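K.L.:
The structure under discussion is supplied below as structure tokens; questions concerning it will follow.
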Amino acid sequence: MTLEFPSHLPTIDRTRIATLAERNLADHGDGLLGLVLSGSAGRGMATDRSDLDVFVVLSDEAAAGRTTSHSSDVDEIPWSRSELDTVGAYGTEEWWFRWSCAWAPVLLDRTGGGIAGALRRQATLDPREADAVLIDHDRLDGWVNFAYRALKSNRDGRHPESRLDANESVPWLLDVVFALAGRVRPYNKYLAWELRTHPLDGWPADELLDLVGRLLDGDAAAIRETFVRVRAACAAYDAGRGHMRTTDIFEGWGAELDVFVGQPQPLQA
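First residue of the sequence shown? That's 3 in the numbering used here, and the numbers climb one at a time after it.
Here it is as structure tokens:
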């Protein structure tokens, strides 16, 4: 049994994982299908306070009765092959787990590549899933709504209220940006890391992170700039999908979108 470790993983962590692997092999034999390293350690972001998040992929029979075990060094998370192959829809409990598969190194795959393929599937959206996030679950319309409300409050001099709506718009925006790219939005902790190590087309990391920072400050100019970019990205998305569904969302706002071309009021301390 040969384990493949990422180059950044220190020797002490390799030893801990090797011990875990040997124990699971002894316990489950052929029922041990693979090991995946998630969390900060898997992505080269570990600190001296980080533990190891190791997914132990098992046959359905071997996984029966197994539960997650926690220690100060390792969280050992059993995962049946059926669970790995179950792709959760947006808003379900399984959905919130999907990004943990993104860019997570496979340490052991005794399925001939099946585990790596299943991880990629978990972390990406097929066209119907992307449509569902953007349209059926209202993430695009919801983002427009929060951005619109923030600009109206800014226009009317309600700056704390504008900041609140601008802040609330950010999670919706990130869902939209990643769905347009066919990817599951990362956990906030990993946003900058993913944008820099796995760039999004049309959204350079520093530009998007700057926009997010300005949105969190309630910057009305940033809201308007983001609106222009999202609308253009949606038009390109619709062209690729052969429909007009995201464009129709913008069109449905009619003259209300005029607020996106107005002049922002100066921020107040």
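Glycine residues also receive a C-beta, built at the ideal position from the N, C-alpha and C atoms. Since this is a predicted model, take the numbers as computed values, not measurements.
If you draw a straight line from the C-alpha of R226 to the C-alpha of G44, how long is it?
P.N.:
Along the sequence shown, read from residue 1 onward, the residue named residue 226 stands at position 224. Along the sequence shown, read from residue 1 onward, the residue named residue 44 stands at position 42. Cα-Cα distance, rounded: 37 Å.
K.L.:
Can you give the beta carbon distance from L127 to V186, rounded, assuming they're within the 8 Å contact cut?
P.N.:
Taking the first residue of the sequence shown as 1, we reach residue 127 at position 125. Taking the first residue of the sequence shown as 1, we reach residue 186 at position 184. About 7 Å; that satisfies the 8 Å criterion.
K.L.:
Enumerate in chain order the residues of its own chain whose CB-to-CB distance from P201 is below 8 Å, with the five nearest sequence positions on each side excluded.
P.N.:
Reading the sequence shown from its first residue, position 199 is the one you call residue 201. Cβ neighbours of P201 beyond the five flanking positions: A207.
K.L.:
Apply the 10 Å Cβ neighbour rule to D111 and answer buried if 16 or more other Cβ atoms are within range, or exposed otherwise.
P.N.:
Translated into the one-based positions of the sequence shown, residue 111 becomes position 109. So D111 ends up on the buried side.
K.L.:
Taking the Cβ atom as the reference point for each residue, do V178 and V232 lie within a distance shorter than 8 Å?
P.N.:
Counting from 1 along the sequence shown, the entry for residue 178 is found at position 176. Counting from 1 along the sequence shown, the entry for residue 232 is found at position 230. Contact: yes.
K.L.:
How about L275 and F252: do their beta carbons lie closer than 8 Å?
P.N.:
Any property of residue 275 remains undetermined from this structure, which presents the chain solely from 3 to 271.
K.L.:
Taking all protein chains shown into account, do 16 or more other C-beta atoms lie within 10 angstroms of the C-beta of I117, making it buried, or fewer, making it exposed?
P.N.:
By 1-based counting over the sequence shown, the position of residue 117 is 115. Label assigned to I117: buried.
K.L.:
With F180 as the anchor, note down where its alpha helix (DSSP H) starts and where it stops.
P.N.:
Here residue 180 corresponds to residue number 178 of the sequence shown, with the count starting at 1. Counting along the chain, the alpha helix (DSSP H) containing F180 begins and ends at 161-182.
K.L.:
Check whether the region 212-227 touches the region 163-171, taking contact to mean three or more Cβ pairs, one atom from each stretch, closer than 8 Å.
P.N.:
Result yes; three or more Cβ-Cβ pairs closer than 8 Å.
K.L.:
Could you give the distance in angstroms between the alpha-carbon of D75 and the alpha-carbon of L54?
P.N.:
Here residue 75 refers to the residue found at position 73 when the sequence shown is read from its first residue. Here residue 54 refers to the residue found at position 52 when the sequence shown is read from its first residue. In a straight line, the C-alpha of D75 is about 6 Å away from that of L54.
K.L.:
Using the rule of at least 16 other Cβ atoms within 10 Å of the residue's Cβ for burial, across every protein chain shown, is Q270 buried or exposed?
P.N.:
Translated into positions along the sequence shown, residue 270 becomes position 268. Any reading at Q270 must be qualified, since the residue scores a pLDDT of 45, below 50, and its modelled position is unreliable; no value is offered.
K.L.:
According to DSSP, is R185 helix, strand or coil?
P.N.:
Indexing the sequence shown from 1 puts residue 185 at position 183. Strand at R185.
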